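> Numbered according to mature numbering (1 follows the signal peptide of the UniProt record, and there is no 0), the sequence shown spans residues -20 to -1, 1 to 428. Backbone N, C-alpha and C fix where the C-beta goes; we use that ideal spot for every residue, glycine too. Fair warning: this is a prediction, and the values are worked out from it, not measured in the lab.
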Amino acid sequence: MMKMAFKSLLSCRFLPHSSAAVSSYCVTRVDSHFHLFSTITNHNPKPKPPFIASSPRPHAQLQQLLYDKSKIGFDNLDDALFVFHKMLNMKPPLSVMKFNQLLVALVRMQKYSVAVSMFRELRVLCIPVNIVTFNTIIKCCCCHLNNTLDHAFSLLGGMIKSGLVPNVVTYTTLIKGLLSQDRPVDAEHLFKKLLTFNEVQPNVVTYSIVIDGLCKTSNGYCKRQKVDKAIDLRRQMPEGLKPGVETYNTIIHGLFQMGRHGEARNLFNELLSNGDKPDIITCRILLDGFCKNQQIDEAISFFGLMECNGIIHDIQIYNILIDGLCKNRKLDEARHIFNNLVSRGLQPDVVTHNILIRGLCQEGLFEEAKELLSKMEVSSCLPNDVTYNTIIHGSLVNKKYKEALVLIETMRTRRFSADASTTSMVIDLLSTEEQDQSVLAFRKWFLQ
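Written out as C-alpha cells, the structure reads:
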C-alpha cells in the first residue's frame, strides 16, 4: 500500500522520470531561474523505486539509503526523484541533514541543475535549510554550471536574509567561481574584504585557491609577470596556516614561466626544508621548467635526485626528460633512456615515440625515425596524426620527397589530417621553382 501511495504521489506532482525530460526543464540562465519540479507535467506515473518500503521503520531505511547514496550517488535520476517525493511526505519530517545528503548525491551524479531546482523547491515549500544546503548549491552555481555565478551571489544574499552567517566555505567557493570566470580582480577584491573586515578568517584552502587562480587566469599575476605578489600572498598567510604542496607547485610553475629558474629551485628547497614531500606534479613542473629554460644539466641532476629519494617515475616524467634532451641536442642520452624504459617497467607511449622521432629527424637521422615508425605500426602503440605529421615534416626538411609522398598517402588512408606546419611546408614546396626531379615528381603527384 505504501509503495502504491508513493507512485500515486509521483503521478501528480513531479517531473517526467527520464534524463532527457529532466534535461529539458533544467534552466541554467539566471534571468529565467530554475524551474520548480511541481510546475512540470508528469507523463510517467510508474517509475521503478530504488527500494521497497516494506520496513515498519521507513525512516530508518530511508536515512540509511540517503547516507549511502550521499557517498556514491544514485544509480539513476529516477531513483533520486522518487526518494525526494517520499521525503516531502514523511511524518514526522526528516531533518535538514537528510535533504543535504540527497543534494550531495545529486552533485555526485553531476545533476547540478536538478540540485538547484530541488533546493528552490525546498525554499518554496518552506522546508528548513542550513548553511550546508546553501553552500552545496552555491558550489553548483560557481563551479559546475554556466552563467549562474550571479545566481550564486544572490544565494549569498538569501543566506544572510535567512539569518545564516556565511562561513569560509561559502566565500572560498565564491572566490573560486570568480576565478573560474576569469575575474581575478573581483576575486582579489572579495578576498581582501575578508581580510579587512575579519569576519571570516580565510583558511589554507582559500589562500591556495587565490594564489592558484590568480596565477592561472589569463590576466593573473604570473601572466602579468607579477608572480612576486603571489609569493607575498603566500608569506602573508597567518601563523598556523601552512601552504600545501599545490600552492608551491603553482608558484614554482609561475617562476619558470618567467625564466626565474634559480628562484624556482630555491622555493623547491624551501618546500623540502619545511618537511613537505613533493608530489609527482612538483617533479614534472621542475623537470619541465629546467628543460625549457635550457638548464638541461640541472634537469638531469634533479632527475637523479628524484630517483635517489625513491620518487616513482611515470612515463610523463620520462617524456619530459627525453624531450628536453632532444631539444638540447643530446640525442644519444635521449635514445639511451628510451631504450631502457621497458627494463624500468614502463612502456613508451605514443608521445614518447613522437618525441624521439622528432629528435631523430632534427638530427638528420630520417632512416632511424622511419624504422621507429615501422615498429609502432606493428605494436600496440599505434602512430597518431602527430606521429605522421612529425615524420612527414622531417622527410621534407631532409629532402626525402619520395618518402614524404608515401607517408602522406598513408596518413590520408588512415584518415589523419596534415597540421598547419606540414601544410605550409607542402605549399612552399609546390610553389617553388626548383627543378629537382624529386621535387617535380612530388609536385606532379600531389596535384593529381
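#1: Should Thr332 be labelled buried (16 or more other beta-carbon atoms within 10 Å of its own) or exposed?
#2: Distance, Cα to Cα, Phe133 vs Ile118?
#3: Here's a check: name, in chain order, each residue in its chain whose Cβ is nearer than 8 Å to the Cβ of Leu135, leaving out the five neighbours to either side.
#4: For the alpha helix (DSSP H) containing Ser119, list its first residue and its last residue.
#5: In chain order, what residues of the same chain lie with their CB nearer than 6 Å to the CB of Asn249, ignoring the 5 residues before and after it?
#6: Please classify residue 445: does DSSP put it in a helix, a strand, or coil?
#7: Have a look at Cys106, Glu278, Val225, Gln81 and flag the residue whose alpha-carbon is nearest the alpha-carbon of Ala95.
#8: I'd like to check one pair, Gly339 with Leu301: are the Cβ atoms closer than 7 Å?
#9: Among residues of its own chain, excluding the 5 on either side of Arg103, which ones have a beta-carbon nearer than 6 Å to its beta-carbon?
#10: With DSSP as the reference, label Gln274 as helix, strand or coil.
#11: Alpha carbon to alpha carbon, how far is Leu46 from Leu144?
#12: For the candidate residues Gly224, Thr370, Gly239, whose alpha-carbon lies nearest to that of Ala398?
#13: Do the region 255 to 271 and the region 224 to 233 meet, that is, are 3 or more Cβ pairs less than 8 Å apart?
#14: Nearest-angstrom Cα distance between Thr227 and Ile191?
#15: Starting from the C-beta of Ala279, find all residues in its chain whose C-beta is less than 7 Å away, skip the five residues before and the five after it, and write them out in chain order.
#16: Could you tell me the distance, in whole angstroms, from the CA atom of Ser375 to the CA atom of Leu174?
#17: With the cut-off set at 7 Å, would you say Ala85 and Gly137 are in Cβ contact?
#18: Would you report the Cα separation of Met98 and Phe64, rounded to the nearest angstrom?
#19: By Cβ distance below 7 Å, which residues in the same chain neighbour Asp256 in space, the five residues on each side in sequence not counted?
#20: Tell me the rounded alpha-carbon separation between Ile276 and Lys156.
#21: What do you reckon, are the CB atoms on Tyr368 and Met391 nearer than 7 Å?
#22: Determine the direct distance from the alpha carbon of Ile189 to that of Val165, and round the result to whole angstroms.
#23: Alpha carbon to alpha carbon, how far is Ser411 from Arg423?
#24: Rounded to a whole number of angstroms, what is the C-alpha to C-alpha distance between Asp329 and Gly344?
#25: Nearest-angstrom Cα distance between Asn319 and Met286?
#26: Please identify the residue among Leu336, Val185, Leu221 whose C-alpha is closest to the C-alpha of Ile317.
#27: If you count every other CB in all the chains shown that lies within 10 Å of the CB of Ser401, and 16 or more means buried, which is it?
#28: Of the residues Glu357, Glu389, Val358, which one's Cα is nearest the Cα of residue 438?
#29: Please classify His293: does DSSP put it in a helix, a strand, or coil?
#30: Determine, using beta carbons only, whether Thr152 and Thr186 come nearer to each other than 7 Å.
#31: When you compare only the Cα positions, how much space is there between Phe(-15) and Met67?
#32: Spatial neighbours of Phe236 within its chain, please: C-beta separation below 6 Å, excluding the five flanking residues on both sides.
#33: Mind checking His241: buried by the 16 CB within 10 Å criterion, or exposed?
#34: Can you name the start and end residues of the alpha helix (DSSP H) that Ala167 belongs to?
Judging by the given coordinates:
#1: Mapped onto the sequence shown, residue 332 falls at position 352. Burial call: buried.
#2: Working through the sequence shown from its first residue, we reach residue 133 at position 153. Working through the sequence shown from its first residue, we reach residue 118 at position 138. Going from the Cα of Phe133 to the Cα of Ile118 covers about 8 Å.
#3: Numbered from 1 along the sequence shown, position 155 holds the residue referred to as residue 135. Cβ within range, chain order: Phe114, Ile117, Ile118, Cys121.
#4: By one-based count along the sequence shown, residue 119 stands at place 139. It is Lys, not Ser, that sits at residue 119 in the sequence shown. Residues 111 to 119.
#5: Translated into positions along the sequence shown, residue 249 becomes position 269. Result list for Asn249: empty, nothing under 6 Å.
#6: Absent from the structure is residue 445, since the part of the chain shown begins at -20 and ends at 428.
#7: Walking along the sequence shown from the start, residue 95 turns up at place 115. Nearest to Ala95 by C-alpha distance, out of Cys106, Glu278, Val225, Gln81, is Gln81.
#8: Working through the sequence shown from its first residue, we reach residue 301 at position 321. Working through the sequence shown from its first residue, we reach residue 339 at position 359. Not in contact: Leu301 and Gly339 (Cβ atoms no closer than 7 Å).
#9: In the sequence shown, counting from the first residue as 1, residue 103 sits at position 123. Once the five neighbours on either side are set aside, Arg103 has no close Cβ partner at all.
#10: In the sequence shown, counting from the first residue as 1, residue 274 sits at position 294. Three-state DSSP puts Gln274 in coil, outside helix and strand.
#11: Position 66 of the sequence shown, counted from the start, is the residue given in the question as residue 46. Position 164 of the sequence shown, counted from the start, is the residue given in the question as residue 144. Between the alpha carbons of Leu46 and Leu144 lies a distance of about 25 Å.
#12: For this step, residue 398 is matched to residue 418 along the sequence shown. Ranking the options by Cα distance to Ala398, first place goes to Thr370.
#13: The region 255 to 271 makes contact with the region 224 to 233; the number of CB pairs closer than 8 Å reaches 3 or more.
#14: Within the sequence shown, residue 227 is the residue found at index 247, counting from 1. Within the sequence shown, residue 191 is the residue found at index 211, counting from 1. Each residue's alpha carbon lies about 7 Å from the other.
#15: Residue 279 sits at position 299 when you count from the first residue of the sequence shown. Its chain contains Leu267, Phe270, Cys271, Leu301, Gly304 as the residues whose beta carbon lies nearer than 7 Å to that of Ala279, once the 5 sequence neighbours on both sides are disregarded; these appear in chain order.
#16: The residue you call residue 375 lines up with position 395 of the sequence shown. The residue you call residue 174 lines up with position 194 of the sequence shown. Roughly 60 Å separates the two Cα atoms.
#17: Your numbering for residue 85 matches position 105 in the sequence shown. Your numbering for residue 137 matches position 157 in the sequence shown. Not a contact, by the Cβ cut-off of 7 Å.
#18: Position 118 of the sequence shown, counted from the start, is the residue given in the question as residue 98. Position 84 of the sequence shown, counted from the start, is the residue given in the question as residue 64. About 9 Å.
#19: The residue given as residue 256 occupies position 276 in the sequence shown. Once the five neighbours on either side are set aside, the close Cβ partners of Asp256 are Val225.
#20: The count along the sequence shown starts at 1 and reaches residue 276 at position 296. The count along the sequence shown starts at 1 and reaches residue 156 at position 176. Looking at the two C-alpha atoms, the distance is approximately 36 Å.
#21: For the purposes of this step, residue 368 is taken as the residue at position 388 of the sequence shown. For the purposes of this step, residue 391 is taken as the residue at position 411 of the sequence shown. Yes, the Cβ-Cβ distance between Tyr368 and Met391 is below 7 Å.
#22: Residue 165 sits at position 185 when you count from the first residue of the sequence shown. Residue 189 sits at position 209 when you count from the first residue of the sequence shown. Val165 and Ile189: Cα-Cα distance of roughly 14 Å.
#23: Position 431 of the sequence shown, counted from the start, is the residue given in the question as residue 411. Position 443 of the sequence shown, counted from the start, is the residue given in the question as residue 423. Each residue's Cα considered, the two are about 9 Å apart.
#24: Within the sequence shown, numbered from 1, the residue matching residue 329 stands at position 349. Within the sequence shown, numbered from 1, the residue matching residue 344 stands at position 364. CA-CA distance, Asp329 to Gly344, rounds to 23 Å.
#25: Your numbering for residue 319 matches position 339 in the sequence shown. Your numbering for residue 286 matches position 306 in the sequence shown. If I take the Cα positions, the gap works out to 20 Å.
#26: Position 337 of the sequence shown, counted from the start, is the residue given in the question as residue 317. It is Leu336 whose Cα lies nearest to the Cα of Ile317.
#27: Working through the sequence shown from its first residue, we reach residue 401 at position 421. Ser401 comes out exposed.
#28: Within the shown structure, residues of the chain are numbered from -20 to 428, placing residue 438 beyond reach of any answer.
#29: For the purposes of this step, residue 293 is taken as residue 313 along the sequence shown, with counting starting at 1. Here His293 sits in coil by DSSP.
#30: Position 172 of the sequence shown, counted from the first residue, corresponds to residue 152. Position 206 of the sequence shown, counted from the first residue, corresponds to residue 186. Against a cut-off of 7 Å, the Cβ pair of Thr186 and Thr152 comes out as a contact.
#31: The residue labelled residue -15 in the question sits at position 6 within the sequence shown. The residue labelled residue 67 in the question sits at position 87 within the sequence shown. Any answer about Phe(-15) is weak, because its pLDDT of 31 lies below 50 and its placement is not dependable; what the coordinates show is given next. Computed Cα separation, rounded: 10 Å.
#32: Numbered from 1 along the sequence shown, position 256 holds the residue referred to as residue 236. So the list reads Ala244, Gly269, once near-sequence residues are dropped.
#33: By 1-based counting over the sequence shown, the position of residue 241 is 261. Under this definition His241 is a buried residue.
#34: Translated into the one-based positions of the sequence shown, residue 167 becomes position 187. Where Ala167 is concerned, the enclosing alpha helix (DSSP H) stretches over 164 to 177.
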